[in-house]
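Residue numbers (the working numbering): 5 to 389. Heads up, the beta-carbon is just placed ideally off N, CA and C, and yes, glycines get one too. Here is the structure we will look at.
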Ligand SMILES: Cc1cc2nc3c(=O)[nH]c(=O)nc-3n(C[C@H](O)[C@H](O)[C@H](O)COP(=O)(O)O)c2cc1C
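This is the structure:
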């Protein structure tokens, strides 16, 4: 057998085939060959209804038991079939067909074949199943090998052309779950291996786990989108916060009994409308706060604002327009609602303030500390940068 040009895995697969199965397979192939065309047509129809594309169908029909029978019935070496499988495996990988879909297709082929074989060889049917399983074993081994080669090539091209040639990377720091290349098949481990050969260093950042949960930006974003600022803070190890400038409002708040500092939500503001407990910082001073995010539907304002009612601030010390304010959100209190009268709103805000005090009496659990240290003097310079 000619094995000089092929990989050891392929040679092994072909050897398994030739040593153990050749006799059985050749007998089977003579039996199957006259029916292979008809079964193939049925198979292609099935693949079409299963949603496979024409190119995928063509590659899949060349790796079936019937395809093996056809090759062997023409007295070709089993290796020819294995080469055919390897070629098709590469095509299927490039066509982005997942291995599970290939296995499903192969099983479908065998379902079509089974009744015919039962009729043709009722006595040897069990024996045939063994032969077919062995053949599948070789096919899967070969497909795996082909997939791996394609994946390597794609990942290598990415590393060489993008990372090395275009970006001239010398040091790469990436997360443990980073994936790259076509089909996202490249892993940090593969990248680290390749980096050694190409002279760049790779550092993989391990997952951060809090209470058994892997902390990811998507998780935090989702929590914030749902208004779960308290839970998000646990994973962030600080409260979600915004920095803004105090702008004039309608001037209604003071008359209602709760003055507010209004801020226009910055771009990329993540949390939904509603009432929150939090802390606000202006200059060097920090305040407990009851915060409303929304459009004040009771008054049909329409503009979305962050309104911060500072608890226990002396009126003559209240921050003024144009000052920079840092607002941190500690806990969700309730949804913003449309009240039928200003009096109802005022009564509800009084309850919100009580709830906010209760929440803020709890240990901050890291939520306030960073921000208090920072003060808005440094925050203003963060923004200016
Ligand atoms: C703690 C708090 C809760 C609020 N809840 C609501 C609400 O549920 N519905 C609403 O229409 N407005 C709500 N508001 C917004 C008030 O209507 C708004 O602050 C008031 O009209 C003053 O607006 P001004 O600053 O533009 O004058 C809330 C404000 C605060 C500070």
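query: Decide if residue 142 is buried, meaning its Cβ has at least 16 other Cβ atoms within 10 Å, or exposed.; result: buried
query: Give the single residue among 353, 337 and 179 whose Cα lies nearest to the Cα of residue 343.; result: 353
query: List the whole-angstrom C-beta distance separating residue 225 from residue 279, where the pair is believed to meet the contact cut-off of C-beta under 8 Å.; result: Residue 225 to residue 279, Cβ: 21 Å. No contact.
query: Exposed or buried, which one is residue 169 when buried takes at least 16 other CB atoms within 10 Å?; result: exposed
query: What number of angstroms, rounded off, separates the C-alpha of residue 360 from the C-alpha of residue 282?; result: 7 Å
query: Report the residue from 316, 300 and 298 whose alpha carbon sits nearest the alpha carbon of residue 284.; result: 316
query: Is it true that the segment 316-331 meets the segment 283-301, where meeting means three or more beta-carbon pairs spaced less than 8 Å apart?; result: yes
query: In angstroms, rounded to a whole number, what distance separates the CA positions of residue 303 and residue 295?; result: 17 Å
query: Return the residue from the list 321, 82, 205 and 182 that minimises the CA-CA distance to residue 146.; result: 82
query: Give the DSSP-derived three-state secondary structure of residue 294 in the structure shown.; result: strand
query: Does the beta-carbon distance from residue 46 to residue 66 come in below 8 Å?; result: no
query: Using the three-state DSSP reduction, which class does residue 304 fall into: helix, strand or coil?; result: coil
query: Please indicate yes or no: does the CB of residue 356 lie closer than 7 Å to some heavy atom of ligand 1?; result: yes
query: In terms of residue numbering, what span does the beta strand (DSSP E) encompassing residue 1 cover?; result: Coverage of the chain is limited to positions 5 through 389, which leaves residue 1 absent and any answer about it impossible.
query: Reducing DSSP to helix, strand and coil, say where residue 318 ends up.; result: coil
query: Please report the Cβ distance between residue 163 and residue 94, rounded to the nearest whole angstrom; I am assuming they are in contact, meaning their Cβ atoms lie under 8 Å.; result: 20 Å between Cβ atoms; not a contact.
query: Go through its chain and collect everything with a Cβ distance to residue 234's Cβ below 6 Å, but skip five positions before and after it.; result: 335
query: Between the Cα of residue 134 and those of 244, 118 and 346, spot the shortest distance and give me the residue it belongs to.; result: 118
query: Could I get the ranges of all uninterrupted alpha helix (DSSP H) runs contained in the segment 245-269, with 4 residues as the minimum, in chain order?; result: 257-260
query: Indicate whether residue 106 and residue 70 have their beta-carbon atoms separated by less than 8 Å.; result: no
query: Who are the near neighbours of residue 268 in its chain, counting only those whose CB is closer than 7 Å to its CB and skipping five residues on each side?; result: 248, 251 and 309
query: Quick one: Cα of residue 257 to Cα of residue 241, how far?; result: 33 Å
query: So for residue 224, helix, strand or coil by DSSP?; result: helix
query: Exposed or buried, which one is residue 55 when buried takes at least 16 other CB atoms within 10 Å?; result: exposed
query: Under a CB-based cut-off of 8 Å, is residue 299 close to chain C?; result: The structure shown contains no chain C; it holds only a single protein chain.
query: If you compare alpha carbons, which of 160, 99, 196 and 165 is closest to residue 177?; result: 196
query: Could you compute how far the alpha carbon of residue 299 sits from the alpha carbon of residue 340?; result: 8 Å
query: Does the Cβ of residue 325 have 16 or more other Cβ atoms within 10 Å, making it buried, or fewer, making it exposed?; result: exposed
query: Return the residue from the list 204, 72 and 200 that minimises the CA-CA distance to residue 171.; result: 204
query: Give a single yes or no on whether residue 162 has its beta carbon closer than 7 Å to a heavy atom of ligand 1.; result: no
query: Taking the continuous beta strand (DSSP E) assigned at residue 282, which residues delimit it?; result: 278-286
query: In chain order, which alpha helix (DSSP H) runs of at least 4 residues are fully inside the segment 51-77?; result: 58-65 and 69-77
query: State the beta-bridge partners of residue 359 as determined by DSSP.; result: In the DSSP output, where bridge partners are listed per residue, residue 359 has none listed.
query: In its own chain, which residues sit with a C-beta less than 8 Å from the C-beta of residue 270, not counting the 5 before and 5 after it?; result: 246, 247 and 248
query: Rounded to whole angstroms, what is the Cα-Cα separation between residue 211 and residue 275?; result: 25 Å
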